[in-house]
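Chemist: Just dropping this structure here.
Protein chains in written order, with this note's numbering: chain P, 1 to 643; chain X, 1 to 153.
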């Protein structure tokens, strides 16, 4: 009996009993709980590939061929610690699976030499998996006891980096799709909607609308055709949780989609993936084809009379398409511009039919809720926010990667306990939560618990869950300028406050970071006029924009002005940037005692602002200098200094 | 064998608006950019004015209207990369190649694009050349990287 037939007849059939000894043995072999030959797992998510996982894979293959060894190679997704990539796990028969970090291709040979002799190379090991059937390695910590994992609660990321994302059999062996079949066999669609409603799940994409309520609205709307759209248009800089879920556990998402489609009565589901996510796209495509093979999609699924067709849509790259109505327009082949709401998409959406748009993470929570009941989910989190949230930690954090914590966890704990604090021993300055239209929070606000209202009250949003850690070398004015530049480029141009306002704010911020020398009187006047109107302009944009992009666009600026006002004032009045990031504000001088007259800076200066004779101290003509800092970089004698 | 424009257009149903974007994407995959002929033909096929097709294509970041260079540089301008100094990296690449972002050098060897995030935030700043990632680079590395590609032509 082949694998597919076995799974369908013994595991997925209506009267299957997976507790039978021979069935559970085969399942544990599929899950790699018991292995008969060594297995090498290579973290091959996008973050792994960037770090060189492909070369590592080649090296492993070459090693096995040279030494004439038989081993299975499994390419897994990202386990969450992106800064440890490429991660290589090795599981010898009878021994626990053990993980190694930063295994670039030249390290493969010594690593495999050691491990096949049952020795653990101390340098790169970071943990082993806990499994009662396996003998543990000595002096190797358990993965779940590492600080990075200890404080996490993984529902969405449970199998990311652990199971084989290319294999539907692996997912089924871990209990997958049995919940979906339970739903279509035993539950009415009303029942599923109410279960999701009771669980208190709220949208994870940024809006935070109650998912169950949304479903009930769509379910109760009468129509000949309904649609479900999975929003994987993740294009915030610094957020990559959706991609990690798709690459690490695509079937979890697809099961969520299948259940959601049944609950609202949709027979067509679309997954809108950014075209840049080429690997995620390929993996989803392969996963959808597997579903077709097993009969989870198509007509009359498992004799239930239900139809489902899943279509992948390549998003052509626009930040605003993360907004649900803009996304619908984009699928219809129009410009991705938002529509006024109401009518809400749940009543009138794609092609004028009721449409549910849910984020990847929201849908990935659905199988858990239906499998364990709403109560289990309800117990996690706080009164206003249930369940867990995945955060993508990047910037100047010690460990960059993905963490999933229960709602209500303190921001401080995420940054310092899980991500290990700020790297290079620098001081923490701020954390930007919620992507480019989120807000920054200073050190004094780190005791806040993560959640919807708890952050909202402080002017911050949970957004899609990007968390960017900033250290003392970051300039808050520069960050605000960066975000405004991003938002003014991505503004779709439909409504005036957002289109014009974001551009004006960016201009004003450009003005205050412009070079102080050679400014005309009129320019100074414009600069001050702009600053005086900045806060008011931000309020207007917030109140009058059409969609979420515009309404939240001033957030990074307003929060930076609120918490780091003194830094703004320094830029405006003293014309100084304490972090030294705003390049144009830097004024240089040459220390005559240290300058040897080597002419290195004189030759490199792009505007000939440095004068001097060889072997004589040089001077900088301030009016000519553009503050590029090349002289500062080339000087070997530290004679060029910042004023 | 490169598929002709008519072949690609023939894969999609005439007059259906929702196939506009996939169609443009397919053409771009095949040719690397959208030329005037493609826009005109797609307009006829979808039954939309070509001005509208062009308008929609320019709305999205993905579509290009000039041929890519033999070596296509993508400089990440995501938040994490920005904090690690990617604005300087972009400026330096612009200076070294003597083109602005979105342009191709006159000899057609190099082109440059600034992208909003490549999702490799852990190894910032990141530059991607023809799909090959170069991580944690600094300004002095750029001249070396460009020379490496120059010498392979």
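Yeah, the Cβ is synthetic: ideal placement off N, Cα and C, and Gly gets one too.
Since this is a predicted model, take the numbers as computed values, not measurements.
#1: Does residue 486 of chain P pass the burial test, meaning 16 or more other C-beta atoms within 10 Å, or should it be called exposed?
#2: Apply the 10 Å Cβ neighbour rule to residue 444 of chain P and answer buried if 16 or more other Cβ atoms are within range, or exposed otherwise.
#3: Relative to the alpha-carbon of residue 275 of chain P, which residue among X:24, X:94, X:82 and X:81 has its alpha-carbon at the smallest distance?
#4: So, with DSSP's three-state summary, where would you put residue 406 of chain P?
#5: Between residue 617 of chain P and residue 633 of chain P, what straight-line distance do the alpha-carbon atoms span, to the nearest angstrom?
#6: Quick one: does residue 72 of chain X have its CB under 9 Å from some CB of chain P?
#7: Could you give the distance in angstroms between the alpha-carbon of residue 379 of chain P and the alpha-carbon of residue 199 of chain P?
#8: So, with DSSP's three-state summary, where would you put residue 467 of chain P?
#9: Bridge partners for residue 388 of chain P per DSSP, in chain order?
#10: Under 9 Å between the Cβ atoms of residue 563 of chain P and residue 397 of chain P?
#11: Quickly, what does DSSP pair residue 25 of chain X with across the bridge? List them, please.
#12: Within 10 angstroms of the Cβ of residue 132 of chain P, are there 16 or more other Cβ atoms? Answer buried if so, exposed if not.
#13: Once the 5 residues before and after residue 488 of chain P are set aside, which same chain residues still bring their CB inside 6 Å of it?
#14: Out of curiosity, what's the CA-to-CA distance linking residue 123 of chain P and residue 99 of chain P?
#15: Considering only the beta carbon of each residue, do residue 218 of chain P and residue 355 of chain P sit closer than 9 Å?
#16: Looking at C-alpha atoms only, which residue of X:67, X:61 and X:45 is the closest neighbour of residue 115 of chain X?
#17: Reducing DSSP to helix, strand and coil, say where residue 326 of chain P ends up.
#18: Would you kindly work out how many angstroms separate the C-alpha atoms of residue 329 of chain P and residue 315 of chain P, rounded to a whole number?
#19: Does the CB of residue 18 of chain X have a neighbour CB from chain P at under 9 Å?
#20: Between the C-alpha atoms of residue 54 of chain P and residue 44 of chain P, what's the straight-line distance to the nearest angstrom?
#21: For chain P, is any of its Cβ atoms less than 9 Å away from the one on residue 127 of chain X?
#22: Identify the continuous beta strand (DSSP E) that holds residue 128 of chain P and give its terminal residues.
#23: Which residue's Cα is closest to the Cα of residue 309 of chain P: P:297, P:414 and P:145?
#24: Is DSSP giving residue 502 of chain P helix, strand or coil here?
#25: Whose Cβ in chain X lies nearer than 7 Å to the Cβ of residue 411 of chain P?
#26: Along the segment 45-56 of chain P, where does the CB come closer than 7 Å to a CB of chain X? Name the residues.
#27: Grab me the residues of residue 630 of chain P's own chain with a C-beta within less than 8 Å of its C-beta, minus the 5 sequence neighbours each way, in chain order.
#28: On the three-pair Cβ rule with 8 Å, is the segment 127-144 of chain P touching the segment 53-70 of chain P?
#29: Whole angstroms is fine: what's the gap from residue 448 of chain P's alpha carbon to residue 442 of chain P's?
#30: Apart from the five residues on each side of it in sequence, which residues of its chain come closer than 8 Å, Cβ to Cβ, to residue 175 of chain P?
#31: State yes or no: is the beta carbon of residue 78 of chain X nearer than 9 Å to at least one beta carbon in chain P?
#32: Under 9 Å, Cβ to Cβ, is there at least one residue of chain P near residue 50 of chain X?
#33: Can you confirm whether the segment 75-83 of chain X touches the segment 236-249 of chain P when touching is taken to mean that 3 or more C-beta pairs between the two stretches lie within less than 8 Å?
#34: By Cβ distance below 7 Å, which residues in the same chain neighbour residue 128 of chain X in space, the five residues on each side in sequence not counted?
#35: Measuring alpha carbon to alpha carbon, tell me which residue in P:450, P:446, P:86 and P:423 is nearest residue 408 of chain P.
#36: If you measure beta-carbon to beta-carbon, which residues of the segment 129-157 of chain P are closer than 8 Å to chain X?
Modeler: In short:
#1: buried
#2: exposed
#3: X:24
#4: In this structure, residue 406 of chain P counts as strand in the three-state DSSP scheme.
#5: Their Cα atoms are separated by approximately 17 Å.
#6: no
#7: 9 Å
#8: Residue 467 of chain P: strand per DSSP, three-state reduction.
#9: P:406
#10: no
#11: According to DSSP, which records beta bridges pairwise, residue 25 of chain X is partnered with nothing at all.
#12: exposed
#13: 502, 503 and 506
#14: 12 Å
#15: It is a contact, given that the beta carbons lie within the stated cut-off.
#16: X:61
#17: Reduced to three states, the DSSP call for residue 326 of chain P is helix.
#18: Each residue's Cα considered, the two are about 11 Å apart.
#19: It does; some Cβ of chain P falls within 9 Å.
#20: 8 Å
#21: no
#22: 125-128
#23: P:297
#24: helix
#25: For residue 411 of chain P, no chain X residue has a C-beta closer than 7 Å to its own C-beta; the minimum C-beta separation is roughly 17 Å.
#26: Contact residues of the segment 45-56 of chain P toward chain X are 46, 47, 50 and 51 (C-beta to C-beta distance below 7 Å).
#27: 601, 604, 605 and 606
#28: no
#29: 11 Å
#30: 371
#31: yes
#32: no
#33: yes
#34: These residues qualify, in order along the chain: 74 and 118.
#35: P:450
#36: none
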